[in-house]
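Residues in the sequence shown are numbered from -8 upward in steps of one, following our numbering. From the three backbone atoms N, C-alpha and C, an ideal C-beta is built for every residue, glycine too.
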Amino acid sequence: MPFLLRPYVHAVTIWHELTTEHSATASSSTVVADDGDPDRDRGQATTEYALVMLGAAAVALLVVTWATAGGGAGRIGRLFDRVIDAVLGRI
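Printed below as a string of structure tokens:
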């Protein structure tokens, strides 16, 4: 796993542990019924949005890291040159 992603993965793991109910005495057949309380889901959309943004930031960070340090800069430059040459060739 890339070094830069470790804090994000750790944060998601902590979030999962905090939001998952754990019980040493609960059996595997225990089912919690939906009581219809809308306050139980309060903040879920915000949490999901934050996790999506965190994932998007991680992907963007990987792309920037690849493009600058992983030799991607030359590839991007060549791709850009090909696109410009193709466009100019059609004019």
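If contacts are defined as beta-carbon pairs under 8 Å, then residue i and residue j qualify, I think. What distance do you get, rounded to the angstrom?
| i | j | result |
| --- | --- | --- |
| Ala58 | Ala64 | 6 Å |
Starting from the C-beta of residue i, find all residues in its chain whose C-beta is less than 8 Å away, skip the five residues before and the five after it, and write them out in chain order.
| i | result |
| --- | --- |
| Arg81 | none |
| Gly68 | none |
How long is the line joining the alpha carbons of residue i and residue j, rounded to whole angstroms?
| i | j | result |
| --- | --- | --- |
| Glu8 | Glu39 | 15 Å |
| Ala77 | Ala48 | 32 Å |
| Pro29 | Thr37 | 15 Å |
| Thr4 | Arg66 | 35 Å |
| Asp32 | Val54 | 34 Å |
| Ala60 | Gly34 | 38 Å |
| Leu79 | Thr11 | 57 Å |
From the DSSP output, in three-state form, read off residue i for me.
| i | result |
| --- | --- |
| Gly68 | helix |
| Thr38 | helix |
| Thr4 | helix |
| Ile82 | coil |
| Thr11 | coil |
| Arg33 | coil |
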